[in-house]
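Student: My structure is below; once you've seen it, I'll send some questions.
2 protein chains.
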Amino acid sequence: MAMSGTDPSRMREMNQLSVLWALRGTPPSTVTELSGRTGLSRPAADVLVQQLVTDGWAEVEEPGASSTVGRPARRYRFRATAGHVLGIDIGVHKILVMLCDLEGNLVQSLRRPADPQAGPDARLASVDQTIDDVLHKAGMAPADIWAVTIGVTGPVDENGRTIVSTPLPGWREADPIAHLRPRFTCPIRVENDCKLAAVAERWKGVAQDADDIVYLLAGLRTGAGLIIDGTLRRGHGGVAGEIGALKAVRWLNAPAHLSACPGVPSGAKPGDAAAWVFQAAREGDSAAKTAVQRYIRDLAVGVAALVLTLDPQIVVYGGGFSRSADLVLDPLRRELAKHCLRVPELRASTLSDESVALGALRLALDQVDTTLLGSRLAAPTAPQFS
Amino acid sequence: MAMSGTDPSRMREMNQLSVLWALRGTPPSTVTELSGRTGLSRPAADVLVQQLVTDGWAEVEEPGASSTVGRPARRYRFRATAGHVLGIDIGVHKILVMLCDLEGNLVQSLRRPADPQAGPDARLASVDQTIDDVLHKAGMAPADIWAVTIGVTGPVDENGRTIVSTPLPGWREADPIAHLRPRFTCPIRVENDCKLAAVAERWKGVAQDADDIVYLLAGLRTGAGLIIDGTLRRGHGGVAGEIGALKAVRWLNAPAHLSACPGVPSGAKPGDAAAWVFQAAREGDSAAKTAVQRYIRDLAVGVAALVLTLDPQIVVYGGGFSRSADLVLDPLRRELAKHCLRVPELRASTLSDESVALGALRLALDQVDTTLLGSRLAAPTAPQFS
DNA sequence: GGACTTAGTAAACTACGTAGCAATATCTAG
DNA sequence: CTAGATATTGCTACGTAGTTTACTAAGTCC
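Here the protein sequences come in this chain order: A and B.
Read in order, the letters of the first sequence correspond to residues 1 to 386 in the UniProt record's numbering.
Read in order, the letters of the second sequence correspond to residues 1 to 386 in the UniProt record's numbering.
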C-alpha cells in the first residue's frame, strides 16, 4: 500500500495509459467514446490518442460512410500488430508453437509430432525448428517477438528448470531458457502445463467468469493448476497444486484403473485403452463402467483436497480425458458432494489440446502488459531481458 | 487493469494520500523527510501535510530542543487517535474484546470467561457487556469506533453467519452482525478464528516476512487459515482451508490420540489431558510419546495436503497446542518431508491466545484503510454501514 | 560570525477542463 | 429537389489547479 507522489507529467502518462487501455479489446473507437470510457474531456482524449498514434501504439482510421447523423468521426484502434508473442507447448508426443499479436489474435500456429523417447537436445532442436518455421511463415524475425512462454510437464522452478520428475526423458538436465536466450532478447518464461491450461481456460475457455478456479488436467497423468483471485498461483517454490504427490490421494493409480479394465484390446496404447474403456462404458459394458467408477473415485479424493483447501468457484475438468466428460462430470460431482463442505461448479473444458499453448500465449501477453503497459508507458519495441 | 482518467484535483487527492501513508507507522516526521519519502517537492509536501492537519488526520509537534545542526524542524505525526477499532474473539470458554487506535496501538483489552454451554443469546449478551466495559474504561462511545471484526469458531459466510458446524451451542441460529448493527454505524465483519489467527501471525507474529502462509490452529479442534500473496483467502464460499473435513485427513481424530493415551488422570478435561500427555512425553513416558507421535502423524496428512496444494513459504503451528511445539515441530517436519515435494519452513506461534482478537483488530484496520484511505481520502470520521 | 538546515513565498511550467466556433454529415419541410 | 435545422466532430483559446524551481528569511550549533 505504499503510494508515491505524482506530478503533472506522471498524470499525463497515466492518462495516456488510461486511453490505451480503453482502446484495447474494443472495435475502433471515436474520440468521444474514448472520452466517455476514460472519464477525460474530449480535447484531452484527443491529444492523448494522437500522441499514441505518433508513438506507434495506435492507428487512425479515416471516416468512411457514416451510418448516423452528424459529422462522421475519425476512429482510432490499438495497433495490435506492433508486437507479437510466442506460446510454446513442449509435450511428450508433440510440439506446438503459436504466435499471436498484442490483442491475442492468432497469427500463426504449427504442430510437429515429437518422439516420446527423444532426449532434451533433440527435443529442443525440434522446438527450434518449429519456431523457425512459424516465424518464417509469419514473415517475422526473433526481434519482433516481445515475450516467449513455454509449457512443459512437471513442476518448474523460477529459472525454468524442471525440478522433480517428468515424463520427458532426461528433461531435468534441460535448460530451455538458456537454450533460447541467444536467439531472443525478450523475456522467456517456462511454466508447468497444468498451470498454463488453467490460464487458458480463464482466457478463452469455460472459466472466463471466475476468479477462483481449480483446473484439472486429467489424462494418463493427472495434474492441477490453480487460479486464485484471478492470478495464477505458483506457490513459493513453484509446486502449488501438486496434490497428486500425497499418498492418500491416489492420482498416480487412478488412470491405471482404466488400462487395467478387462476387455481392453491387447497391445493398445494407454491413451487408446482409456478411450476404449470410456466408449465401452458409454455403451453399457459393466466392467468398463466399474473401471470408470473406480477412476472417478480415486480422482475425487484429490479434487476434494483441492476444493476443501481453496473453496473455488469452479472446477474445470480438462486434459485428454475431458472428451469423456459426459461420463465423468456427474459421478465426480456426486463423489465431491460426499467429501466437500460446499461443492463448486463443475465444468468440462472445451479447449482442445491447444490449451497449454494458449495459456502460454496469455502469460506472455501478461508479461508484455506489465512491462510495457503497466505503470509506465514505454516505447512500442521489444522489451529486453527477462 | 481498467485504468481511469485523472485530473489535477484527483492528483492532489492522491498526493495527500501519499503523504498520509508516508506519515503512518513512522516517528513524527519533518516536511523534508516526508518530501523524500513521497517523492514530492518540499513545498508540495508542506501544503499537503498542513491540509491534513486542518482536516484532522495529522498533528503538529512544535520543535523543541533540537539535537542536530540547523533550524529545528517542525514535526508532523499521524493522528492515530482519530479513530479506533474493535477486535472481538467469541470463544467457547472466553470472550476477548480488544480496542486499538488507527496505528494498531492497543488501548484497552478485556477478557471474560464464558460458559461453554451458553446459548447464542447469553453469549451475545456477554459480548455486549464486555464491549460496554471496554468502551467505558477507554472513555469512548460506540460512535468513536470505525470498524468491528468478530472471530468465531467454524466456517462463516459473507453475512457473518456460521454455516456448517461449530462447538458454540446453537450458534448457527446466531446473527452477530444483526445483533450489533443497532449499536454501531460502522462496518461489522465476522470471520473464522483460524483465518484471523493467521492474519495476526503475519501482523505481529512469526510470519511477518512471508506472503504465502499456512496457519495451523492446533488444539482440541484443528483448523487452518490461509494467506496467499499477502491476502487472507476466504474462498468463494468462505470455507477455504477446511481440509479437516476430508475423511482421508483425520483431523477430527488426531487430538483423540492424546486424550486416549493410557495414564491420563481420570476426570481431566480434554485440554488438561492433552497438556498432561505432552508433559509426560517430554519426561520420557513411552505411551505418551506414542500418543504424540500418532497425533502428529494424523495431523501431518492434512498439513501435507495444504502444503502440496499451496506450496507456502511458511507453516505456522499455532493454537493451544503450540505451547508444546518443542515436541511437535521436528517430528512434524519429518512427516511432512515424507509427503511433500518441498517442505516449507515450520515455525511455532509465539502469540498467546490473543491471536484471534489480534487478527480481528488487523482486519478491522484493513477495513478502515480501504474505506477511508484507499483511493479517496475521506474525512476522519466513522465510516457508515458495512 | 559562518555553516547548515528549515520555513515560507513568488514566479514559471505543465496538464486538464470548459467554452466556443467552424466543418461535415443527415434529416425534414416545402 | 433544395434549403434550413440538427447533430456530431475537430480544433483553438482561455481559465484553473497543482507542482517545481528559485529565492529569501529564520533559527541553531561550532
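Yeah, the Cβ is synthetic: ideal placement off N, Cα and C, and Gly gets one too.
Remember, it's a predicted structure, so these values are computed and weren't measured experimentally.
For A:Ala260, count neighbouring Cβ atoms within 10 angstroms of its own Cβ and tell me buried if that reaches 16, exposed if not.
Tutor: The residue is exposed, with fewer than 16 neighbouring Cβ atoms inside 10 Å.
Student: Within its chain, find whatever has a CB closer than 6 Å to the CB of A:Gly230; leave out the 5 residues flanking it on each side and keep chain order.
Tutor: Excluding residues within five positions, the ones whose Cβ falls inside 6 Å are Asp211.
Student: Between the Cα of B:Arg161 and those of B:Trp276, B:Glu335, B:Ile188, spot the shortest distance and give me the residue it belongs to.
Tutor: Out of B:Trp276, B:Glu335, B:Ile188, B:Ile188 has the C-alpha closest to the C-alpha of B:Arg161.
Student: Starting from B:Phe78, follow the beta strand (DSSP E) in both directions and report where the run begins and ends.
Tutor: Note, B:Phe78: beta strand (DSSP E), 75 to 78.
Student: Does B:Thr309 have its Cβ less than 8 Å from a Cβ in chain A?
Tutor: Answer yes: the Cβ-Cβ gap between B:Thr309 and chain A drops below 8 Å somewhere.
Student: Below 8 Å on the Cβ atoms is my contact criterion, and I expect B:Leu332 with B:Leu299 to pass it. Report the Cβ-Cβ distance as a whole number of Å.
Tutor: About 7 Å; that satisfies the 8 Å criterion.
Student: Do the CB positions of B:Leu99 and B:Trp203 come within less than 8 Å of each other?
Tutor: The answer is no: Cβ separation not under 8 Å.
Student: Touch check for the region 340 to 350 of chain A and the region 281 to 296 of chain B: three-plus C-beta pairs under 8 Å?
Tutor: As far as the Cβ criterion goes, the region 340 to 350 of chain A does not touch the region 281 to 296 of chain B, which means the pair count is below three.
Student: Taking a cut of 7 Å between CB atoms, which residues from the region 12 to 23 of chain A lie near chain B?
Tutor: Residues Met14, Asn15, Leu17, Ser18, Trp21.
Student: Does the region 122 to 135 of chain A come close enough to the region 81 to 91 of chain A to have 3 or more Cβ pairs within less than 8 Å?
Tutor: Yes: the two stretches touch, three or more of their Cβ pairs being nearer than 8 Å.
Student: Counting only beta-carbon separations shorter than 8 Å, does A:Glu242 have a partner in chain B?
Tutor: Yes, A:Glu242 counts as interfacial toward chain B.
Student: Which bits of chain A does B:Ser4 rub up against, with CB to CB less than 8 Å?
Tutor: The contacting residues are Ser18, Thr38, Gly39.
Student: Short of 8 Å in beta carbon distance, which residues of its chain neighbour A:Ala138, apart from the five on each side in sequence? Order them along the chain.
Tutor: So the qualifying residues of the chain are His84, Leu99, Val107, Gln108.
Student: Assuming B:Arg362 is part of the alpha helix (DSSP H), what are its boundary residues?
Tutor: Segment 355 to 372, the alpha helix (DSSP H) holding B:Arg362.
Student: What three-state label does DSSP hand residue 403 of chain A in the structure shown?
Tutor: Absent from the structure is residue 403 of chain A, since the part of chain A shown begins at 1 and ends at 386.
Student: So with CB distances below 7 Å, who are the chain B contacts of A:Gln51?
Tutor: None at all; the shortest Cβ gap to chain B is about 14 Å.
Student: Could you tell me the boundaries of the alpha helix (DSSP H) in which A:Arg233 lies?
Tutor: Where A:Arg233 is concerned, there is no enclosing alpha helix (DSSP H), given that its DSSP letter is neither H nor E.
Student: Using the Cβ count rule (16 or more neighbours within 10 Å means buried), how would you classify B:Pro167?
Tutor: Label assigned to B:Pro167: exposed.
Student: Hey, could you find the ends of the beta strand (DSSP E) B:Glu283 is sitting in?
Tutor: It is not in any beta strand (DSSP E) - B:Glu283 carries neither H nor E in the DSSP assignment.
Student: Given that a residue counts as buried once 16 or more other Cβ atoms are within 10 Å of its Cβ, and exposed if not, what is A:Asn159?
Tutor: By the 10 Å Cβ count, A:Asn159 comes out exposed.
Student: According to the Cβ coordinates, are B:Leu377 and B:Leu40 closer than 8 Å?
Tutor: No. Outside cutoff.
Student: Which of the residues in the region 128 to 160 of chain A, read from start to end, lie with their CB under 8 Å from any CB of chain B?
Tutor: Result list: Pro155.
Student: Using a Cβ cut-off of 7 Å, pull out every chain B residue sitting near A:Gly237, in sequence order please.
Tutor: Going along chain B in sequence order, the residues near A:Gly237 (Cβ under 7 Å) are Asp311, Arg342.
Student: Using DSSP with H/G/I as helix, E/B as strand and the rest coil, what is B:Ala273?
Tutor: Helix at B:Ala273.
Student: Would you please state the rounded distance, in angstroms, between the beta carbons of B:Leu220 and B:Gly154? I believe it to be under 8 Å.
Tutor: Wrong, their Cβ atoms sit about 14 Å apart, outside the cutoff.
Student: Flag B:Lys247 as yes if its beta-carbon sits less than 8 Å from any beta-carbon of chain A, otherwise no.
Tutor: By this cut-off, B:Lys247 is an interface position.
Student: Can you list the beta strand (DSSP E) stretches of 3 or more residues lying completely in the region 180 to 257 of chain B, in chain order?
Tutor: 188 to 192, 213 to 218, 222 to 228, all fully within the region 180 to 257 of chain B.
Student: Just checking my contact of B:Tyr215 with B:Ala240 at CB under 8 Å: how many whole Å lie between their CB atoms?
Tutor: Wrong, their Cβ atoms sit about 12 Å apart, outside the cutoff.
Student: Cβ closer than 7 Å: which chain B residues qualify as neighbours of A:Val164?
Tutor: Near A:Val164 (Cβ distances below 7 Å), the residues of chain B are Leu341.
Student: Would a C-beta distance cut-off of 8 Å place B:Thr309 and A:Ile243 closer than the cut-off?
Tutor: In contact: B:Thr309 and A:Ile243 (Cβ atoms closer than 8 Å).
Student: Identify, in the order they occur along the chain, each residue of the same chain with its Cβ nearer than 7 Å to the Cβ of A:Arg24, setting aside the five sequence neighbours on each side.
Tutor: Contacts found: Phe78, Glu103.
Student: Excluding sequence positions up to five away, which residues of its chain have a Cβ less than 6 Å from the Cβ of B:Thr371?
Tutor: Excluding sequence neighbours, B:Thr371 sits near Pro383.
Student: Can you list, in chain order, the residues of its chain whose CB lies under 7 Å from that of A:Val264, leaving out five sequence neighbours each side?
Tutor: Closer than 7 Å at Cβ, skipping near neighbours: Ala273, Trp276, Val277.
Student: If we call anything under 8 Å between Cβ atoms a contact, is A:Gly301 one with A:Ala248?
Tutor: Per the sequence presented here, residue 301 of chain A reads as Val, with Gly not at that position. Yes, these two residues count as a Cβ contact at 8 Å.
Student: With 8 Å set as the bound, which would you pick, yes or no: does the beta-carbon of B:Arg233 sit closer than that to a beta-carbon of chain A?
Tutor: Yes, its Cβ sits closer than 8 Å to a Cβ of chain A.
Student: Can the beta-carbon of B:Val316 be found closer than 8 Å to that of B:Leu336?
Tutor: No, the Cβ-Cβ distance between B:Val316 and B:Leu336 is not below 8 Å.
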